[in-house]
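In the working numbering, the protein residues as written are 20 to 350. Let me begin by presenting the structure, written as structure tokens, before commenting on it.
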């Protein structure tokens with residue numbers, strides 16, 4: 020079978036592709052394990068880092084997700100699995116509203132319509148976000164039964180994506196599953212324009228011996244999950260039997276509630292054990308970033324996702340150690 024990963028030029032797309040290469044099989048339209056004979060990464064651009072660790076029959080397709088013909092050309096088989104990760108990030112969506120609709124909504128519909136046009140009812144895993152929640156009705160801990168009232172353009176597009184997955188699945192056009200992601204850590208490289216970029220930076224930069232400018236307060240609560248757990252969750256959602264999913268195909272992933280202050284304590288423990296001299300956290304308040312982060316939940320209940328096979332989150336210390344194992348201090 021063939022695997023398509025949209026947003027495949029990003030960090031998670033690369034990590035997922037490498038995991039699938041190692042795994043070698045997925046559940047196909049037959050309901051049985053089928054060998055993966057091709058993987059296509061679809062994205063607007065690919066950096067050198069996004070190509071690392073890719074071996075075998077992997078195709079990099081540089082195309083626009085909002086180009087319907089390009090998406091239909093990529094999703095060209097009935098025996099196909101689709102992981103739809105392509106999206107503009109939160110900070111960009113707030114300042115580029117029309118582009119956010121084009122990429123996140125038009126792009127998503129292109130993917131879903133291309134799957135609808137294929138035989139075999141392809142399984143589709145959509146990357147949603149806890150930005151789906153917000154507003155005065157949001158409780159301290161959000162779960163799958165929490166009302167979704169997003170307070171950002173990014174979150175709005177994710178809610179619509181979840182609802183489309185539900186309805187396309189209800190009609191039998193595809194077999195969809197949405198993974199509602201907390202913030203994913205620790206991403207290597209440099210900060211991006213996501214309003215949550217600091218959540219990786221508060222680990223990554225100090226490990227390099229560099230200062231991390233923190234746009235939020237030291238006591239800012241935030242739900243985080245390690246990248247290995249996320250890729251395992253994408254695969255677990257894909258593999259979950261259709262009959263156990265129910266009529267709501269959106270599953271909030273579990274997370275750890277952490278703050279920059281509590282994260283620093285764990286980071287210092289790892290640094291002592293490894294003889295690492297950490298760079299400092301420097302408060303650099305940013306009202307725009309703080310305003311966006313304030314609309315997001317600080318903790319998630321992922322018990323429903325765990326009940327169908329998604330992993331429990333590893334301890335924060337293990338997330339840091341996995342990052343150092345995979346990327347080292349200087350990444």
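C-beta atoms are modelled at their ideal positions from N, C-alpha and C, and glycine is treated no differently.
Hey, how far is the Cα of residue 185 from the Cα of residue 26? 21 angstroms
Less than 8 angstroms between the C-beta atoms of residue 132 and residue 98, yes or no? With contacts defined by Cβ atoms closer than 8 angstroms, residue 132 and residue 98 do not form a contacting pair.
Cβ of residue 176 within 8 angstroms of Cβ of residue 239? no
If you reduce the DSSP assignment to three classes, tell me which class residue 279 lands in. helix
Straight-line gap, residue 115 to residue 155 (C-alpha atoms, nearest Å): Residue 115 and residue 155 have their C-alpha atoms some 25 angstroms from each other.
Residue 85 and residue 125 closer than 8 angstroms at C-beta: yes
When you compare the CB positions of residue 149 and residue 200, do they come within less than 8 angstroms of one another, or not? yes
As a quick exercise: from 140, 72, 41 and 74, pick the residue whose alpha carbon is nearest that of residue 101. 140
In angstroms with no decimal places, state the Cα-to-Cα distance between residue 77 and residue 58. 5 angstroms
Tell me which residue opens and which closes the beta strand (DSSP E) that residue 163 is part of. Note, residue 163: premise wrong, no beta strand (DSSP E); not H, not E.
In terms of alpha-carbon separation, which member of 226, 286, 250 and 328 lies closest to residue 263? A check of alpha carbon separations from residue 263 across 226, 286, 250 and 328 identifies 328 as the nearest.
If you reduce the DSSP assignment to three classes, tell me which class residue 176 lands in. Three-state DSSP puts residue 176 in a helix.
Given a cut-off of 8 angstroms, decide if residue 60 and residue 24 are closer than it, judged by their beta-carbon atoms. yes
According to DSSP, residue 305 sits in a beta bridge with which residue or residues? Paired residue(s): none; residue 305 is not in a bridge.
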